[in-house]
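Single-structure report; data block below.
Chains as they are written, first to last, in the working numbering: chain A, 1 to 97; chain B, 98 to 337.
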């Protein structure tokens, strides 16, 4: 089993009210020197087999159809996730000692 | 006020998981003099209705984006086809969000500028009194109906906005201050043909004296929303 990570961000020209609110809260906590925050979405998609080019193309299509709205958002990343965390998360048989 | 000769008109009201205002929309249809037909999101059959209302609420919990998952419900596939064929469709609030997600109407809704949930009586100006849902109004008329949402900020690129303005497809504008940051104070728009209209405020909550917004005639006397529904009946009679 493999995992694909999809990231979706609001388009640069679209005002991001959530990012703006986070940006406003940071200085109150003492985090200074931050000029802008933009908030997006990350999807971790587990697939049945290995992550082939075909699987990536399928996931990209899903990202552009359902996971994002092209009017207000851009799909900024569709990538196979080969980290250990991905392997652990997709393993159902591993029992920690 | 109801449209005589309209009793045979059947107006569908779609219920999705998380829809809130389907009962009020059905009641508005009844008060206007037509017969409401409950439609189910999972059923692609529109039951031969003469018009459809997509009511407000939080379909599928507003997960992902408001209206994003509802847009792929079986009923929507049939509805998109029918709307392209001229079926009158009114999308209210979450219903408006579904219409933009399904590309029947351009643009999209994002979170309100100040992120707060807004619930208040809202004055609107009717900019286009020629659509299937506004022909009982006068162009330029100001009406009051409730507004209640969190994702109500209408956005589209400048070219789309210019196109909407140029073609008279801005149907409603907010009056007395922009409540949510919507581009060009836009509260509602239509498709080119004028049979599909979407707006964020709620006409179905202003159809009967005693239950509507406060008006000149007294507390909760406002019934400006009723004419959305009588307009649809008038346009159905005109095309019958």
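We put the CB at the ideal spot given by N, CA and C, even for glycine. No experiment lies behind these values; they were computed from the predicted model shown.
*Using a Cβ-Cβ cut-off of 6 Å (strictly less than) and excluding sequence neighbours within five positions of residue 203 (chain B), which residues of its own chain qualify?*
253 and 257
_Cutoff 8 Å: residue 126 (chain B) Cβ touching any chain A Cβ_ = no
*So which residues of chain A does residue 208 (chain B) contact, with C-beta pairs closer than 7 Å?*
17 and 18
_Cβ-heavy atom distance, residue 310 (chain B) to the ligand MG, below 7 Å_ = For the ligand MG, the structure offers nothing, since it holds no ligand at all.
*Rounded to a whole number of angstroms, what is the C-alpha to C-alpha distance between residue 192 (chain B) and residue 61 (chain A)?*
25 Å
*Sequence ranges, beta strand (DSSP E) only - wholly within the region 290-318 of chain B, length at least 3*: 293-296
*Buried or exposed by the 16-neighbour rule on C-beta atoms within 10 Å, applied to residue 208 (chain B)*: buried
*Kindly say whether residue 279 (chain B), judged by its beta-carbon, lies nearer than 8 Å to any beta-carbon of chain A.*
no
*Okay, do the region 302-309 of chain B and the region 284-292 of chain B touch, 3+ Cβ pairs below 8 Å being the bar?*
no
*In chain A, which residues lie less than 8 Å from residue 165 (chain B) when you measure between Cβ atoms?*
66 and 69
*Under 8 Å between C-beta atoms, does residue 94 (chain A) make it to chain B?*
In this prediction, residue 94 (chain A) has a pLDDT of 48, which is less than 50 and means its spatial position is unreliable; what the coordinates show is noted afterwards. False, the Cβ-Cβ gap to chain B never drops below 8 Å.
*Going by the beta-carbon positions, is the gap between residue 268 (chain B) and residue 241 (chain B) smaller than 8 Å?*
no
*Return no unless some Cβ of chain B is closer than 8 Å to the Cβ of residue 63 (chain A).*
no
*asked:* Against residue 21 (chain A), what residues of chain B qualify as contacts under a CB-to-CB distance less than 7 Å, listed in chain order?
replied: 212
_Rounded to the nearest angstrom, what separates residue 30 (chain A) and residue 24 (chain A) at their Cα positions?_
11 Å
*Quick one: give me the first and last residue of the alpha helix (DSSP H) that residue 258 (chain B) is part of.*
255-263
_Listed by chain order, chain B residues near residue 14 (chain A) by CB distance under 7 Å_ = 207 and 252
_residue 277 (chain B) versus residue 45 (chain A) - alpha carbon distance_ = 34 Å
*residue 12 (chain A), buried or exposed, once every other Cβ within 10 Å from all chains shown has been counted against 16*: exposed
*Assuming residue 330 (chain B) and residue 130 (chain B) make a contact with CB atoms under 8 Å, what is their CB distance in whole Å?*
6 Å
*Assuming residue 283 (chain B) contacts residue 251 (chain B) (C-beta within less than 8 Å), just tell me the rounded distance between them.*
5 Å
*Starting from residue 45 (chain A), find everything on chain B with Cβ-Cβ shorter than 7 Å and list it in chain order.*
Under the 7 Å cutoff, chain B gives no residues; its nearest Cβ is about 13 Å from residue 45 (chain A).
*Evaluate residue 295 (chain B) with the Cβ neighbour count: other Cβ atoms within 10 Å of its Cβ, from every protein chain shown; 16 or more gives buried, anything less gives exposed.*
buried
*asked:* Measuring straight from C-alpha to C-alpha, what distance separates residue 206 (chain B) and residue 292 (chain B)?
replied: 20 Å
*asked:* Taking 8 Å as the limit between beta carbons, can you name the residues of its chain near residue 195 (chain B), skipping five residues before and five after?
replied: 151, 156, 164, 167, 168, 173 and 188
_Neighbouring residues, chain B, relative to residue 72 (chain A) (Cβ below 7 Å)_ = 205, 207 and 252
*Would you identify the three-state DSSP class for residue 176 (chain B), choosing helix, strand or coil?*
helix
*Nearest neighbour of residue 316 (chain B), chosen from B:179, B:218 and B:184 [CA to CA]*: B:218
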